[in-house]
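2 protein chains.
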Amino acid sequence: MTAKCAPHRHSSSRSGNRSGKVECAYCGVRDKAACRGLSDSGQAEANTVSYRKVVPQGGVILREGDPVAWCGVIVSGVVKLVKTSSDGRQQIVGLQFGDEFLGQPFEQSWRLSAEAATDVDICCFSQGAFDGLRGRNPAFEGALLQDAMGSLDAARDWMFVLGRKTAEEKLASFLVFIAERLGPGKSGAKGVQHVTGGVAFDGELPLSRTEISQFLGLRIETVSRQFKKLKALGLVDTSGNRGIRILNLDRLRELSESELA
Amino acid sequence: MTAKCAPHRHSSSRSGNRSGKVECAYCGVRDKAACRGLSDSGQAEANTVSYRKVVPQGGVILREGDPVAWCGVIVSGVVKLVKTSSDGRQQIVGLQFGDEFLGQPFEQSWRLSAEAATDVDICCFSQGAFDGLRGRNPAFEGALLQDAMGSLDAARDWMFVLGRKTAEEKLASFLVFIAERLGPGKSGAKGVQHVTGGVAFDGELPLSRTEISQFLGLRIETVSRQFKKLKALGLVDTSGNRGIRILNLDRLRELSESELA
DNA sequence: GGAAGAGGTTGATCTGCGTCAAGAAAGTGT
DNA sequence: ACACTTTCTTGACGCAGATCAACCTCTTCC
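Residue numbers (my numbering), protein chains in the order written: chain A, 206 to 466; chain B, 206 to 466.
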């Protein structure tokens with residue numbers, strides 16, 4: 206349950222690097238969205254002061270209430286952000302994928318918890334190192350702003366799902382969301398592949414049934430029953446606890462917006 | 206229904222201004238959160254290029270799908286952000302108060318609609334003027350980032366409310382939220398005042414019953430019934446369509462977190 | 001002052017999802 | 001291959017909140 210922290214030294218390398226920019230030899234963060242806006246020297250600085258956090262599936266990355274001492278960029282894997290009430294109810298309030306920023310640089314203590322939905326690898330900075338980087342790279346701040354605005358819009362999209370959609374629409378929305386985030390060419394799920402012949406997605410879900418229910422504001426039994434319905438409609442196929450094949454993404458998308466019976 | 210746009214020239218004035226900084230003579234934006242980070246010259250530039258948008262209660266400020274041509278800072282009033290689905294369901298995905306940033310600077314078209322929940326006054330910038338301001342004032346970008354992170358956290362708090370709370374808890378949460386935002390010393394509601402003798406809040410709600418239901422993911426009838434319950438418990442008192450007196454904020458806060466029967 | 005409309009309340013009934021309980025399947029360690 | 005644990009599925013039943021419908025309370029406008 207304890208997060209394994211694996212600090213590492215980054216070496217700068219120019220091998221196989223068209224633009225000639227400095228990049229992290231270990232994780233290749235150069236073209237990551239969150240690193241756009243870093244000057245060459247800023248990139249080099251980032252490589253020097255960053256360290257790595259590797260957390261296995263199910264591990265806790267940070268806990269609500271703990272003091273904020275670092276932030277980072279997700280290199281690979283899926284992170285779930287969780288809010289918990291005093292009586293134990295939990296709501297997943299966000300899923301973060303590779304390239305996305307993770308942190309609350311203006312808060313004293315974390316306002317939510319983060320856990321590894323899959324095995325996760327994060328490129329981290331201490332609060333101080335991060336502030337320095339921000340101060341010296343104005344365009345980097347812009348990239349962070351863009352990331353935050355994107356997350357904000359995603360959160361608001363999900364508010365609509367939580368407040369106004371039926372259980373069936375919710376699950377359909379989730380599956381469309383997963384297919385779009387983890388589809389061909391994307392990173393973050395195990396065994397993902399684009400299969401020809403109508404199969405839009407074939408891979409593993411980054412969340413268990415319990416986690417899906419926590420994301421959708423439903424109970425696990427309801428999620429299970431909705432999966433059964435979608436299977437009966439021939440839209441998806443499941444195997445084991447996390448295996449999923451999306452057989453008809455277009456129809457699923459329609460269902461998620463209730464544009465058919 | 207059409208937004209009244211009231212462009213105006215700003216004059217710089219130093220009268221009664223301790224720090225001697227330039228400020229907008231019309232709206233006094235100098236100390237607004239979103240203007241922190243502007244240099245003196247940046248402040249002067251902001252005053253020159255900004256214009257004013259005044260929208261009466263119920264008016265549309267911007268429409269989902271329309272091209273993004275401006276952004277701004279709310280000077281006074283309450284703005285509701287709305288997502289609408291193709292079949293007409295609506296969800297309020299955010300309430301914005303005075304001092305908060307309004308805009309989606311990285312989007313081509315608006316991802317949501319905004320309407321005036323009360324009479325609203327906005328200090329606006331064209332996209333181009335805004336980008337220039339951002340580019341020339343690095344710390345201003347930081348203030349925007351802080352605003353965005355704050356909105357993101359607020360959205361996530363509300364995701365918990367939508368996904369996990371009962372109708373009673375939802376309404377209690379809303380009333381606590383309103384009391385905290387529009388309480389004594391805050392701006393944005395009509396006739397707000399702090400009353401001694403156990404009354405935590407006495408003023409007007411910025412939302413109609415219909416809007417409250419759209420914010421809480423409920424139907425108007427349910428909101429009405431929950432108001433009745435809270436009145437029976439002696440926690441609030443209502444008068445007319447928007448009048449509200451919060452008689453026991455502590456108890457309401459407990460109710461919103463279900464820490465009592 | 002009364003007609004018309006908008007917004008809110010109240011009651012009766014229905015239903016989608018939650019709750020409770022049992023069991024099956026998948027995953028894990030020996 | 002086995003036992004053991006965790007996770008998921010399925011069924012029976014109940015209830016919170018939705019739905020439908022009637023009525024009430026303002027406001028406004030003639």
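We treat Cβ as the ideally placed atom computed from N, Cα and C, and that holds for glycine.
Query raised in the report: Can the beta-carbon of Trp315 (chain B) be found less than 8 Å from the beta-carbon of Asp352 (chain B)?
Result: no
Requested in this report: Compare the C-beta of Trp275 (chain A) with all C-beta atoms of chain B and state if any pair is closer than 8 Å.
Outcome: no
Report task. For Pro389 (chain B), count neighbouring Cβ atoms within 10 angstroms of its own Cβ and tell me buried if that reaches 16, exposed if not. Result -> exposed
Query raised in the report: Of all the beta strand (DSSP E) runs that stay within the bounds of the region 331 to 409 of chain B, which reach a length of 3 or more residues?
Result: 406 to 409
Report task. Compare the beta carbon distance of Arg450 (chain A) and Val404 (chain A) with 8 Å and say whether it is the shorter of the two. Result -> yes
Report task. Tell me, please, which residues DSSP counts as bridged to Ala319 (chain B). Result -> B:Leu267 and B:Leu286
Query - Boundaries of the alpha helix (DSSP H) in which Ser429 (chain A) is found, first to last residue - result: Ile425 to Ala437
Query - Of the residues B:Arg339, B:Ser281 and B:Leu349, the one placed nearest Pro310 (chain A), counting alpha carbons only - result: B:Leu349
**Report entry** CA-to-CA distance, Ala344 (chain B) to Ala334 (chain B), given in whole angstroms
**Finding:** 17 Å
Requested in this report: Quick one: measure Cβ to Cβ for Gln419 (chain A) and Gln296 (chain A), integer angstroms, because I've assumed they're closer than 8 Å.
Outcome: 6 Å
Query raised in the report: Taking 8 Å as the CB-CB cut-off, is Glu269 (chain B) touching chain A?
Result: no
Requested in this report: Drop a sphere of 10 angstroms on the beta-carbon of Glu385 (chain A), count the other beta-carbons inside from all chains shown, and report buried for 16 or more, exposed for fewer.
Outcome: exposed
Report task. Please classify Lys288 (chain A): is it buried, with 16 or more other beta-carbons within 10 angstroms of its beta-carbon, or exposed? Result -> buried
Query raised in the report: DSSP three-state call for Phe420 (chain A): helix, strand or coil?
Result: helix
**Report entry** Short CB-CB distance (under 8 Å) between Phe469 (chain B) and chain A
**Finding:** In the structure as shown, chain B starts at 206 and stops at 466, and residue 469 (chain B) therefore has no counterpart that could be examined.
Requested in this report: Using a Cβ-Cβ cut-off of 8 Å, state whether Ile304 (chain A) counts as contacting chain B.
Outcome: According to the sequence as given, residue 304 (chain A) is Asp; it is not Ile. Asp304 (chain A) does not count as touching chain B.
Query raised in the report: At a Cβ threshold of 8 Å, is Ser463 (chain B) touching chain A?
Result: yes
Query raised in the report: For Arg458 (chain A), which of helix, strand or coil comes out of DSSP?
Result: helix
Requested in this report: Determine the DSSP secondary structure at Val254 (chain B), reduced to helix, strand or coil.
Outcome: helix
Query - Host beta strand (DSSP E) of Asp442 (chain B) (start-end) - result: Val441 to Ser444
**Report entry** Boundaries of the beta strand (DSSP E) in which Leu412 (chain B) is found, first to last residue
**Finding:** Looking at the DSSP string, Leu412 (chain B) is not in any beta strand (DSSP E), and its letter there is neither H nor E.
Query raised in the report: Going by C-alpha distance, which of A:Gly308, A:Leu338, A:Asn342 and A:Arg339 is nearest Ile327 (chain A)?
Result: A:Gly308
Query raised in the report: Looking at the structure shown, is Gln309 (chain A) part of a helix, part of a strand, or coil, going by DSSP?
Result: coil
Query raised in the report: Closest Cβ-Cβ distance between Val298 (chain A) and chain B: below 8 Å?
Result: yes
Query raised in the report: So, do the region 355 to 367 of chain A and the region 353 to 364 of chain B have three or more beta carbon pairs nearer to each other than 8 Å?
Result: yes
**Report entry** CA-to-CA distance, Ala249 (chain B) to Gly340 (chain B), given in whole angstroms
**Finding:** 15 Å
Query raised in the report: Alpha carbon to alpha carbon, what distance is there between Gly368 (chain B) and Leu367 (chain A)?
Result: 6 Å
Query raised in the report: Helix, strand or coil: how does DSSP classify Gln301 (chain A) here?
Result: strand
Report task. Report all residues from its chain with a CB closer than 8 Å to the CB of Asn446 (chain A); omit the five preceding and five following residues, and keep chain order. Result -> Ser413 and Arg414
Query raised in the report: What's the C-alpha gap between Asp455 (chain A) and Glu312 (chain B)?
Result: 25 Å
Query raised in the report: Does the distance from the CB of Glu373 (chain B) to the CB of Lys436 (chain B) come in under 8 Å?
Result: no
Query - CB of Ala319 (chain A) within 8 Å of CB of Val284 (chain A), strictly - result: yes
Query raised in the report: Below 8 Å between beta carbons: does that hold for Asp324 (chain B) and Gly282 (chain B)?
Result: yes
Query - For Leu387 (chain B) and Gly408 (chain B), believed in contact at Cβ under 8 Å, the rounded distance - result: 6 Å
Query - Alpha-carbon spacing of Leu460 (chain B) relative to Arg424 (chain A), whole angstroms - result: 22 Å
Report task. Determine, using beta carbons only, whether Pro343 (chain B) comes closer than 8 Å to chain A. Result -> yes
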